[in-house]
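J.: Below are the structure tokens for one structure; questions will follow.
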Amino acid sequence: MTAASPLTAPWRIGVDVGGTFTDMVLRDSAGAVRIFKAPSVPADPSEGVLGVLRLAAQQLDLPLSALLRDCALFVHGSTVATNTILEKKGARVGMLTTGGFRDSLEIRRGIRDNQWDHRAPFPEVLVPRYLRLPVRGRIGADGRELAALNPDDVDAAAKVFTAEGVESVAVCLFNSFLDGAHERSVGAQLAKSWNGKWVSLSSDVMPTMGEYERGSTAVVNAYVAPKVTSYLQALDEQLRQFGLPRSLLLLQSNGGAVSVDQVAARPVMLVLSGPAAGVGALKGCAAPGEKANLISMEIGGTSCDVMVMAGGEVPVTDALTIDGYHLTTPSVEIHTVGAGGGTVAWVDDAGLLHVGPQGAGARPGPAAYGLGGENPTVTDAQLVLGRLRPGPLAGGAVTLDGALARKAVETKLAKPLGLSVEEAAAGVIRLLEQNLLHAVERLSIERGHNPATFTLVAAGGAGPMHGTAVARALGCRRALLPRAAGAFCALGMLQSDVRQDYLQVFLADLDKAEVASLEAGFAQIEARARAALAKDGFGADAVVIEREVDLRYDGQQWPVRVSIGGVFDAAAARKAFEAEHQRLFGHIQPGGRIDITALRVVGRGRLDWTPPAARPPQAGMPRPRETRKVWIDPANGWRDVPIYDGADLAPGCRLKGPLLVEERTMTAFVGPADVLEVDSRDDFLVHVGTAPPPHSDGEVPASSRAEGS
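Following the working numbering, the numbering of the sequence shown begins with 10 at its first residue and continues without gaps.
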């Protein structure tokens with residue numbers, strides 16, 4: 010829809026702050042979608058949010074107050090938590106531990122990502138040893154108190170924290186996942202003896218077994234809390250002052266939304282806030298009730314985020330590593346690599362070409378932006394190869410200069426490599442797509458999935474340029490290029506339910522577990538989930554409660570998360586566990602003892618979603634906007650390629666490649682062996698590597714999106 014089309018109030022707004030652009034999607038009550046982009050402001054992300062809102066208000070010819078006043082739901086995905094960790098700009102943190110355990114944070118269980126690399130240094134510990142202070146008292150392995158808590162130790166630590174300028178304190182006491190009473194007492198004592206504001210109790214942040222993981226999570230929560238919570242509360246207050254009738258919602262790492270008030274105590278839940286919105290976006294790519302197999306490859310200006318939906322579900326894991334720091338927090342399984350439109354290409358001293366992981370960011374950005382950048386990027390290479398059009402990009406947010414792109418590629422790549430400018434640019438694209446392929450393989454093939462049974466969803470502003478090539482290399486038969494690919498995550502935020510995750514440790518033999526005790530445990534955490542959702546305004550008819558259990562073989566270190574039905578059935582749970590264990594690890598222990606380690610509840614608040622009005626089918630054969638020289642691949646070289654305006658392509662349209670489709674926020678490239686179809690959802694579905702029958706006007710017979718059709 011164009012910005013000039015009339016809006017039907019009320020509407021919903023999703024804003025995703027990326028490394029290069031801040032994306033905004035507005036969807037009105039009639040289902041019409043508008044997309045807006047503005048450059049991000051890394052120094053102050055809220056300026057990027059307000060900037061894109063002002064741009065939208067201007068283009069819609071509305072006062073900002075009117076735009077926000079008629080907004081029924083505002084969902085925000087923020088990178089503030091992640092950037093605080095990556096840039097080491099968090100709070101000065103102190104830590105209280107049980108006596109004798111102050112060094113577990115630094116010992117890290119001896120974990121190394123590469124077990125053969127013993128020389129690579131660990132990341133700098135976020136709490137130095139002199140600020141990790143012991144507290145006497147002990148909870149036993151059965152949850153009973155073995156030694157009373159000593160409040161004098163807390164008071165003594167408070168004096169050290171005050172003298173050292175500590176801004177935030179993390180508390181992780183041994184076995185607190187069984188009983189958090191000692192940690193709560195420490196928190197109450199700190200409130201009396203320490204003048205600081207921020208205290209993170211591990212039993213509140215994530216009451217999971219494993220002292221190191223629980224402590225590391227509490228420390229990271231304490232590290233990011235002052236900056237992240239202050240940012241969110243200030244932005245919420247600004248938006249309310251400008252006219253937003255209710256507080257904004259934040260996207261959590263688990264793919265669900267949550268209110269500012271509820272996330273304020275656990276901002277660590279936001280470390281994957283933006284990319285996790287891909288869950289909602291992927292659900293929008295599937296038919297209602299369809300258990301779809303989709304792999305998303307969301308490529309922005311800075312990075313590529315890969316996610317897999319198998320059987321309609323995106324896996325959620327508790328194990329998450331951010332810049333070397335281990336976290337235990339419910340997070341959708343995402344693999345991120347430094348590969349985007351702004352990824353820098355460079356030649357090393359040995360004369361080898363590299364692409365990434367460094368990025369040009371929003372400023373100066375690619376050389377083609379004309380903002381002072383001199384290093385060639387993927388965007389510059391695409392311009393040289395004719396795949397991108399010089400001029401305004403992303404609705405006019407930036408302007409691409411082909412001469413500057415060519416100069417950067419020639420100076421920094423072509424001459425050092427002894428190649429032509431075009432050959433150097435082609436090398437950049439081929440190397441980037443190889444990196445993308447490896448990233449997708451990590452969450453698909455390495456997780457036991459067959460890519461041939463999946464559709465690759467190429468999203469993000471740069472995704473549709475590489476989707477068909479990566480799908481072909483991966484073995485996928487179809488690639489879906491969403492029309493709103495340039496704002497994929499912002500759109501996904503509007504399709505994400507409100508979500509609350511709760512966990513309770515429960516240790517028992519699966520086959521001998523007392524059903525009454527298990528049901529009582531589930532009832533306790535279900536009540537917390539229902540209460541939290543009721544606070545957000547969800548009635549009983551809009552709440553869905555899902556039960557899960559953590560299971561492991563006797564002696565196995567890490568559990569596997571398994572969904573169960575409303576009534577516990579040990580045999581069904583064993584069957585589900587063995588199926589997942591077989592997929593993940595390639596084996597099972599027939600008849601082996603299986604232990605329950607935790608009960609989980611996922612509470613979802615369902616949001617109404619009005620389907621958009623169906624767009625009229627294609628009336629006739631569309632005419633290309635123009636034809637220009639485009640480099641295809643090493644086998645085809647340069648070809649005259651038709652360039653289509655995306656607005657001219659409607660459902661039912663089918664075209665054979667090679668071709669380019671230009672949309673307001675993205676450009677899609679379709680190879681010579683591929684067939685482009687506009688599906689019933691008005692998105693671009695590419696049948697990869699199909700051999701269309703010869704036809705003079707380029708049209709081929711229609712077929713459905715379904716496998717094997």
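Yeah, the Cβ is synthetic: ideal placement off N, Cα and C, and Gly gets one too. Every value quoted in this text rests on a predicted model; they were computed, and no experiment measured them.
DSSP state of alanine 81, grouped into three classes?
T.: strand
J.: Just the C-alpha distance for glycine 309 and glycine 350, rounded to the nearest angstrom, thanks.
T.: Each residue's alpha carbon lies about 6 Å from the other.
J.: Starting from isoleucine 304 and walking both ways along the beta strand (DSSP E), at which residues does that stretch end?
T.: 303-308
J.: Taking 7 Å as the CB-CB limit, is valine 272 close to chain B?
T.: The displayed structure is made up of one protein chain only, and chain B is not part of it.
J.: Less than 7 Å separating the beta-carbons of lysine 665 and valine 650?
T.: no
J.: Whole angstroms is fine: what's the gap from glycine 601's alpha carbon to aspartate 520's?
T.: 11 Å
J.: Going by DSSP, which residues form a beta bridge with aspartate 37?
T.: Trp20
J.: Quick one: Cα of glycine 70 to Cα of arginine 63, how far?
T.: A small correction: the amino acid at residue 70 is aspartate; glycine does not occupy that position in the sequence shown. About 10 Å.
J.: If we call anything under 7 Å between Cβ atoms a contact, is tyrosine 511 one with valine 610?
T.: yes
J.: Just to confirm before moving on: does the CB-CB distance between glutamate 307 and glycine 333 stay below 7 Å?
T.: Cβ distance not < 7 Å, so glutamate 307 and glycine 333 don't count as in contact.
J.: Would you list, in sequence order, the uninterrupted alpha helix (DSSP H) runs of no fewer than 4 residues that lie entirely inside the region 560-600?
T.: 579-594
J.: Per DSSP, which one or two residues make a beta bridge with valine 687?
T.: Phe693
J.: Starting from isoleucine 605, follow its DSSP beta bridges and name the residues at the other end.
T.: Ala517, Leu560
J.: What did DSSP end up calling aspartate 164 once you bin it into helix, strand or coil?
T.: helix
J.: Evaluate alanine 139 with the Cβ neighbour count: other Cβ atoms within 10 Å of its Cβ, from every protein chain shown; 16 or more gives buried, anything less gives exposed.
T.: The displayed chain sequence assigns tyrosine, not alanine, to residue 139. Exposed: under 16 other Cβ atoms inside 10 Å.
J.: Who are the near neighbours of alanine 482 in its chain, counting only those whose CB is closer than 6 Å to its CB and skipping five residues on each side?
T.: Leu446
J.: I need the straight-line Cα distance from alanine 273 to alanine 423, nearest angstrom please.
T.: 50 Å
J.: With DSSP run on the structure shown, which of helix, strand or coil describes glutamate 450?
T.: helix
J.: DSSP three-state call for threonine 29: helix, strand or coil?
T.: coil
J.: Based on Cα-Cα distance, which residue from Pro385, Phe594, Arg613, Ala532 lies nearest to phenylalanine 577?
T.: Ala532
J.: Please say whether leucine 105 and leucine 135 have beta carbons closer to each other than 7 Å?
T.: no
J.: Rounding to the nearest angstrom, what Cα-Cα distance links glutamine 391 and glycine 27 in this structure?
T.: 21 Å
J.: Any idea what DSSP makes of glutamate 419, helix, strand or coil?
T.: helix
J.: What's the gap between the Cα of serine 718 and the Cα of serine 262?
T.: In this prediction, serine 718 scores a pLDDT of 32, lower than 50, which makes its location untrustworthy; the coordinate-derived value is nonetheless stated afterwards. One C-alpha to the other measures close to 36 Å.
J.: What are the complete beta strand (DSSP E) segments, minimum 3 residues, inside the region 356-442?
T.: 362-368, 400-402, 407-409
J.: Can you list the beta strand (DSSP E) stretches of 3 or more residues lying completely in the region 451-539, in chain order?
T.: 464-468, 487-490, 507-518
J.: I need the straight-line Cα distance from phenylalanine 183 to histidine 191, nearest angstrom please.
T.: 10 Å
J.: In its own chain, which residues sit with a C-beta less than 7 Å from the C-beta of threonine 11, not counting the 5 before and 5 after it?
T.: In this prediction, threonine 11 scores a pLDDT of 44, lower than 50, which makes its location untrustworthy; the coordinate-derived value is nonetheless stated afterwards. Answer for threonine 11: no residue qualifies.
J.: Would you call alanine 711 buried or exposed, if buried means 16 or more other Cβ atoms sit within 10 Å of its Cβ?
T.: With a pLDDT of 38 at alanine 711, under the threshold of 50, the predicted position of this residue should be treated as unreliable, though the coordinate-derived value follows. By the 10 Å Cβ count, alanine 711 comes out exposed.
J.: Which residues mark the beginning and the end of the beta strand (DSSP E) in which tyrosine 653 is found?
T.: 647-654
J.: Quick check on DSSP: helix, strand or coil for arginine 118?
T.: helix
J.: With a CB to CB cut of under 6 Å and the five nearest residues on each side skipped, what residues in its chain are close to aspartate 314?
T.: Pro284, Glu307, Ile343, Thr345
J.: Just to confirm, are serine 194 and leucine 158 a CB contact at a threshold of 7 Å?
T.: yes
J.: In three-state DSSP terms, what is serine 49?
T.: Three-state DSSP puts serine 49 in coil, outside helix and strand.
J.: Checking 7 Å against the spacing of the C-beta atoms, do alanine 227 and cysteine 181 come in under that value?
T.: yes
J.: Kindly indicate which three-state DSSP category histidine 704 falls into: helix, strand or coil?
T.: Here histidine 704 scores only 40 on pLDDT, less than 50, and its place in the model should not be relied on; the value that follows carries that caveat. Reduced to three states, the DSSP call for histidine 704 is coil.
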